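With our numbering, the residue at position 90 of the sequence shown is 90, and numbering never jumps.
Read the structure below first, then the notes.
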Amino acid sequence: MTVVGAEQLRKELDMLKFERRPKITEAIASARELGDLKENAEYHAAREEQGICEARIRDIEGKLSNAQIIDVTKMVNNGRIIFGATVTILNLDTDAEVTYRIVGDDEANIKENLISVNSPIARGLVGKNEGDEVSIATPGGLTDYEIISVQYI
Numbered sequence: 001m002t003v004v005g006a007e008q009l010r011k012e013l014d015m016l017k018f019e020r021r022p023k024i025t026e027a028i029a030s031a032r033e034l035g036d037l038k039e040n041a042e043y044h045a046a047r048e049e050q051g052i053c054e055a056r057i058r059d060i061e062g063k064l065s066n067a068q069i070i071d072v073t074k075m076v077n078n079g080r081i082i083f084g085a086t087v088t089i090l091n092l093d094t095d096a097e098v099t100y101r102i103v104g105d106d107e108a109n110i111k112e113n114l115i116s117v118n119s120p121i122a123r124g125l126v127g128k129n130e131g132d133e134v135s136i137a138t139p140g141g142l143t144d145y146e147i148i149s150v151q152y153i
């Protein structure tokens, strides 16, 4: 996991624990005051939301406790593509240039050009060096790329 990804998970965890959890507790207390719990839709909805919130808290805490956080900014850039690197590649067929950052599965977001280390493109790039040409098997078929730059930012 990257430093940025770990920080995002910590922020979400804080929000869940210190903002959402107390609001759910208040909603449960308010719903109890309405009377019969068997037929109280507000109570059941609040309890269901509480279960979802607690499950997400446990999920995030588990991920953070097992995560190995890698800070590429503290590594010497030797032009080799590693986890956390920001890579600019050129599609040799279409001359389209794109920049990706290789991140963990939880951080991946193609709209922000954050690709999972387990994606076909990242698997094809990891271990290669700046200036190399690579052929990567993508869902659209075999595609040739040239690695323009590798940054550890």
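Glycine residues also receive a C-beta, built at the ideal position from the N, C-alpha and C atoms.
Note that this is a predicted model, so its numbers are computed, not measured.
One alpha carbon belongs to T86, the other to D95, and they sit about 19 Å apart. By the beta-carbon neighbour count (other beta carbons within 10 angstroms, threshold 16), L9 is buried. The alpha-carbon separation between V3 and A67 amounts to approximately 10 Å. Remark: C-beta atoms of G79 and I102 do not approach each other more closely than 9 Å.
In the three-state scheme derived from DSSP, where H, G and I count as helix and E and B as strand, L37 is classed as coil.
Boundaries for E12: no beta strand (DSSP E) harbours it, while the alpha helix (DSSP H) harbouring it runs 3-15, taken from the DSSP string. For G141, the enclosing beta strand (DSSP E) starts and ends at 141-151.
Note on L34: under 16 other CB atoms within 10 angstroms of its CB, so exposed under the neighbour-count rule. Distance from the CA atom of A41 to the CA atom of A108, rounded to whole angstroms, is 37 Å.
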